[in-house]
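Just so we're on the same page, the working numbering is the position in the sequence shown counted from 1, plus 10.
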Amino acid sequence: MAIFDDEPTKPKRVHEIGQDLSLLSVGELDERIVQLRAEIERLEAELRSKGSTKAAAEALFRRS
11 MAIFDDEPTK
21 PKRVHEIGQD
31 LSLLSVGELD
41 ERIVQLRAEI
51 ERLEAELRSK
61 GSTKAAAEAL
71 FRRS
């Protein structure tokens with residue numbers, strides 16, 4: 011807990027790669043799977059965005 015109200019709080023890590031999973035319930039594991047799939051979708055969307063930006067830049071420089 012923050013000492014002062016204006017101090018930012020650190021977000022709780024949902025999952026850490028390599029973490030011991032034996033202490034988690036089935037529900038907790040299911041929740042983590044959902045969250046990790048959402049994160050994968052977010053990462054893939056960012057890759058697509060960067061790929062289209064790169065392709066546009068390459069097309070611009072090819073015209074010259």
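Where is the CB? At the ideal position from N, CA and C, for every residue including glycine.
Simplified DSSP assignment, three categories, for residue i
{"i": "Val24", "result": "coil"}
{"i": "Thr63", "result": "helix"}
{"i": "Gln45", "result": "helix"}
{"i": "Glu68", "result": "helix"}
Inter-residue spacing [alpha-carbon to alpha-carbon] between residue i and residue j
{"i": "Ala65", "j": "Arg52", "result": "20 Å"}
{"i": "Glu49", "j": "Pro18", "result": "23 Å"}
{"i": "Ile43", "j": "Arg72", "result": "43 Å"}
{"i": "Glu56", "j": "Leu70", "result": "21 Å"}
Supposed close pair residue i, residue j - CB separation, criterion 8 Å
{"i": "Leu31", "j": "Leu39", "result": "7 Å"}
Option nearest residue i by Cα separation, candidates the options
{"i": "Ile27", "options": "Leu46, Thr19 and Pro18", "result": "Leu46"}
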